[in-house]
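First residue of the sequence shown? That's 0 in numbering that gives the first Met the number 0, and the numbers climb one at a time after it.
Glycine included, each C-beta is placed from N, C-alpha and C at the ideal position.
The model shown is predicted, which means the values in this text are computed figures rather than measured ones.
A quick write-up on the structure given underneath.
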Amino acid sequence: MVVYAKYLVDTDWAVYYLRGREPYVTRLKVYREEGLSVSVVSLGELYEGVFRAPDQQDKEKTLNDFLAGLVVVNVTRDVARTFGRLRAELRSKGITVADMDLLIGSTAV
0 MVVYAKYLVD TDWAVYYLRG REPYVTRLKV YREEGLSVSV VSLGELYEGV FRAPDQQDKE
60 KTLNDFLAGL VVVNVTRDVA RTFGRLRAEL RSKGITVADM DLLIGSTAV
């Protein structure tokens, strides 16, 4: 079964939410009700923050609470294809985007 969500949250937004920053907390609460997802790539970046923190258990619990009910979007063959196409198009125009950011964006299209 494939589950879709209306919104894909970026790593930065998730971090701001987890730190209690407005307007991110309010907006993500609304988006969560409408269907919120996170890329597995962002998830890896968020776990990096957990493991860099002195209070890892607390941070991991907070992250798991945030993730409850969110759809985790995996990197599939289609996502990889989109990544390759977009990266080629951007590079042909002399535009460089960080690979992780482009991969996260590729999960959204």
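Tell me which residue opens and which closes the alpha helix (DSSP H) that residue i is part of.
{"i": "Leu62", "result": "55-66"}
{"i": "Ala107", "result": "98-107"}
In the DSSP assignment, what residue or residues form a beta bridge with residue i?
{"i": "Ser36", "result": "Leu7, Val70"}
Which class does residue i belong to by DSSP, given the choice of helix, strand or coil?
{"i": "Gly93", "result": "coil"}
{"i": "Met0", "result": "Here the model assigns Met0 a pLDDT of 47, short of 50, so the residue's position is not dependable, and the following value carries that caveat. Coil."}
{"i": "Glu47", "result": "helix"}
Tell me whether residue i, by its Cβ, gets closer than 7 angstroms to a heavy atom of the ligand GDP.
{"i": "Ala4", "result": "Questions concerning the ligand GDP fall outside what the structure shown contains, since it holds no ligand whatsoever."}
Residue i: which of the options sits nearest, CA to CA?
{"i": "Tyr6", "options": "Thr106, Ala13, Leu35", "result": "Leu35"}
{"i": "Arg31", "options": "Glu59, Val71, Glu47, Val49", "result": "Val71"}
{"i": "Asp64", "options": "Trp12, Leu17, Asp9", "result": "Leu17"}
{"i": "Ala67", "options": "Gly104, Ala107, Lys28", "result": "Lys28"}
Quiz item: Taking one C-beta from the region 75-87 and one from the region 20-33 each time, how about it: are there three or more such pairs within less than 8 angstroms?
Solution: no
Quiz item: When the Cβ atoms of the region 39-50 are set against those of the region 58-75, are three or more pairs found closer than 8 angstroms?
Solution: yes
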